[in-house]
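Below is one structure, written out as structure tokens, with a few remarks after it.
2 protein chains.
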Amino acid sequence: MSKSGGDYIVLPVMKALQVLDYVARQGHDVTLTETVQELRLPKTTVFRYLQTLSAAQFLEHDLKRDRYGVGSKFRSLARVDQELQGLRDIAQPEMRTLMETFHETVNLAVLSENEVVYIDMLEPGRPLRANARIGHRHPAHSTSLGKAMMAFLPDAGALALSSDLPQRTINTLTDADKLRRQVDDVRRRGYAIEVGENEDGLMCIGVPILDRTGYPVAAMSLSAPERRMKPELTMVAADALKGAARRISTHLGAQH
Amino acid sequence: MSKSGGDYIVLPVMKALQVLDYVARQGHDVTLTETVQELRLPKTTVFRYLQTLSAAQFLEHDLKRDRYGVGSKFRSLARVDQELQGLRDIAQPEMRTLMETFHETVNLAVLSENEVVYIDMLEPGRPLRANARIGHRHPAHSTSLGKAMMAFLPDAGALALSSDLPQRTINTLTDADKLRRQVDDVRRRGYAIEVGENEDGLMCIGVPILDRTGYPVAAMSLSAPERRMKPELTMVAADALKGAARRISTHLGAQH
DNA sequence: GGGGCTGGTTCCACATCGTAGAACAAGGGC
DNA sequence: GCCCTTGTTCTACGATGTGGAACCAGCCCC
């Protein structure tokens with residue numbers, strides 16, 4: 001929290017973060033004066049920072065008692081971060097095992113408004129064409145990850161069907177009915193397969209990761225060049241993925 | 257997150273919070289350019305905010321990949337807030353019941369370097385001399401709250417004995433040996449009593465709240481004027497407090 | 001009930017410091 | 001190797017953040 005340690009520091013921002021830090025650290029609502037005394041900053045300045053932080057919902061101003069405490073925005077960001085962080089940590093060892101077993105890329109993704117977002121990825125050392133990167137997005141309906149999650153959504157399929165279905169490759173499913181039938185299959189089988197529907201020459205096997213309520217918070221997939229994945233190997237991989245996903249889901253408190 | 261909604265807004269702070277918001281919301285590390293495109297702010301500006309947020313440890317700059325993600329300071333603040341928030345929520349109904357049963361003030365406090373800090377407090381409607389307020393601190397050794405927590409510390413008593421013991425009233429225990437013996441008693445009985453040791457004419461009964469590891473994360477107490485608390489009533493209250501604390505501890509995952 | 005005090009809000013004039021365009025450097029992919 | 005994308009540095013301008021001081025509003029205490 002020192003002001004030094006590099007140039008390009010914007011002082012108002014730095015000082016406001018000190019205020020945020022102090023308030024959150026206390027664990028109880030604090031007053032303007034308390035903060036001023038602790039931080040040794042001019043009263044007016046701290047006042048404005050508290051106002052700004054409150055306007056952004058990072059803090060909350062209790063008008064009645066005239067005290068400042070942690071705000072809703074801060075809490076919601078913290079929750080999102082913590083959940084994803086926890087998911088990554090739990091999934092990591094399972095992903096590593098899968099990658100080492102099959103020597104193919106293993107992906108972890110979440111759903112975000114009709115698209116999958118890759119939040120983690122493990123690649124075998126050997127050179128290969130990477131189809132995606134962490135942070136990238138693909139349409140949900142063209143990936144095994146997306147289909148795996150859609151199948152376990154409370155209003156299964158409604159998500160994908162609500163939008164039109166962009167055609168990524170010649171193989172991409174663009175017919176809502178066909179997609180719906182596939183998603184029904186996925187729900188029965190417990191895994192999704194996609195062959196060249198998202199990227200020519202690439203295939204994916206995807207499985208959902210469920211939380212304690214059975215909601216598909218994420219999905220994990222193995223992606224490989226089509227030619228390397230013979231049917232028998234695909235079955236073996238699908239079983240391995242299902243096992244790994246079940247163990248992760250159990251860690252998250254899922255019953256089944 | 258709108259810039260309007262009141263005067264006294266410091267714009268650099270507001271905009272930097274937008275950056276923090278965006279990064280944390282993504283769930284994966286992001287680049288400078290991604291952030292710029294999303295927020296429609298000048299590149300230089302976003303660059304400096306990212307630098308500043310990183311310097312304050314609210315974000316973390318992964319030099320290798322040149323990406324920004326949530327930082328350690330943010331995570332630690334979030335954890336502190338979440339734990340205390342959860343504690344308050346769980347304790348609240350028990351505290352209310354106790355207050356309504358005995359018509360006396362009920363306190364919730366945590367330990368912070370040889371002092372207790374009140375993090376919540378429920379008072380009966382009738383006028384009474386309030387001995388403390390939320391956020392206030394008292395020496396641990398002069399309060400039932402402090403003694404209750406000390407008794408269940410891994411290195412019981414070491415905390416209090418490491419510092420000298422300020423004399424708050426004529427009754428305050430300032431002898432380390434005497435205090436240690438009392439704390440041993442507390443561990444056996446499961447509750448602590450203090451009569452006029454912190455405030456003349458006021459007595460307190462305190463019980464520890466333990467987490468899953470058995471660590472005393474907080475303590476709860478009933479505080480009342482001495483004259484109102486006859487010995488029999490004190491015993492009844494102590495039992496009620498022990499029961500309430502046990503239920504709260506169980507909620508936190510404690511076994512016993 | 002008045003007076004003084006503490007804690008919060010508003011005002012204002014100054015110059016600091018944040019701003020953003022543009023130029024530069026570095027890296028990565030084709 | 002070359003281009004293009006992405007991150008970093010520079011600089012001159014003036015908007016805007018700053019903080020002292022004045023102003024209020026409760027509240028406690030005589």
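Sequence lines, in order, name chains A and B.
Residues in the first sequence are numbered consecutively from 1, following the working numbering.
Residues in the second sequence are numbered consecutively from 257, following the working numbering.
Think of the CB as a built atom: it goes at the ideal place given N, C-alpha and C, for glycine as much as any other residue.
Fair warning: this is a prediction, and the values are worked out from it, not measured in the lab.
Minimum Cα-Cα distance from A:Val110 among the listed residues A:Thr97, A:Tyr8, A:Thr143 corresponds to A:Thr143. Between the region 400-412 of chain B and the region 462-469 of chain B, the count of C-beta pairs closer than 8 Å reaches three or more; the two stretches touch.
With a threshold of 8 Å between beta carbons, B:Arg393 makes no contact with chain A.
The beta-carbon distance between B:Met377 and B:Ala475, rounded to whole angstroms, is 13 Å. This is too long to meet the 8 Å contact definition. Counting along the chain, A:Leu165 sits inside no alpha helix (DSSP H), nor does DSSP assign it H or E at all.
The criterion of a C-beta distance shorter than 8 Å is not satisfied by B:Leu309 and B:Leu267. Under the three-state reduction of DSSP output, A:Ile90 falls in the helix class.
By the Cβ test, the region 491-507 of chain B is in contact with the region 340-355 of chain B, since at least three Cβ pairs between them sit closer than 8 Å.
The DSSP-derived three-state label of A:Asp29 is coil. Its Cα nearest to that of A:Glu199, the residue A:His138 stands out among A:Thr31, A:His138, A:Gln57, A:Gln51.
Around the Cβ of A:Tyr68, a 10 Å sphere holds 16 or more other Cβ atoms; the residue is buried.
Within its own chain, the residues whose Cβ lies closer than 6 Å to the Cβ of B:Ala280, once the five positions on either side in sequence are excluded, are Val326, listed in chain order.
Bridge partners of A:Ile134 according to DSSP: none are assigned.
Contact between B:Val269 and A:Val13 holds, since their C-beta atoms are separated by about 6 Å, short of 8 Å. In terms of Cα proximity to B:Phe314, the closest of A:Thr33, A:Lys15, A:Leu173 is A:Lys15.
Put simply, the CB of B:Ile265 is near chain A, with a gap under 8 Å to one of its CB atoms. In the three-state DSSP reduction, A:Pro216 falls in the strand class (E or B).
With contacts defined as CB atoms closer than 8 Å, B:Arg304 and A:Tyr8 qualify as a contacting pair.
For A:Ala245, the enclosing alpha helix (DSSP H) begins and ends at 231-251. Take the alpha-carbon of B:Pro380 and the one of A:Ala91: they are about 50 Å apart. Any Cβ of chain A closer than 8 Å to the Cβ of B:Val372 would place that residue at the interface, and such an atom is absent. Within the region 29-50 of chain A, the residues whose Cβ lies closer than 8 Å to any Cβ of chain B are, in chain order, Asp29, Val30, Glu34, Phe47, Arg48, Tyr49. Under the DSSP definition of a beta bridge, A:Ser54 lacks any partner. Secondary structure note for B:Leu297: it is in no alpha helix (DSSP H), with a DSSP letter that is neither H nor E. By alpha-carbon distance to B:Ser479, the top candidate from B:Gln423, B:His507, B:Ile449 is B:Ile449. As a beta-bridge residue in DSSP terms, A:Asp120 pairs with A:Leu108. In the DSSP assignment, A:Val207 falls within the beta strand (DSSP E) that extends over 202-210. Excluding five sequence positions before and after A:Thr169, the CB atoms of its chain that fall closer than 8 Å to its own CB belong to Ser142, Gly196, Glu197, Asn198, Glu199, Asp200, given in chain order.
At a cut-off of 8 Å between beta-carbon atoms, A:Thr234 makes no contact with chain B. Neighbours of B:Pro268 in chain A, taken as residues at a C-beta separation under 7 Å, are given in chain order as Val10, Pro12, Val13. Distance from the CA of B:Ile375 to the CA of A:Thr105, rounded to the nearest whole angstrom, comes to 49 Å. Flagged as an interface residue toward chain A: B:Leu273, by a C-beta distance shorter than 8 Å. If you check the CB distance, B:Leu340 and A:Gly27 come in under 8 Å. Counting other Cβ atoms within 10 Å of its Cβ, A:Lys43 stays below 16 and is therefore classed as exposed.
Pairing A:Val80 with A:Asp185, the inter-Cα distance amounts to about 31 Å.
For B:Ile390, the closest C-alpha among the options A:Leu39, A:Glu34, A:Leu50, A:Ala237 is that of A:Glu34.
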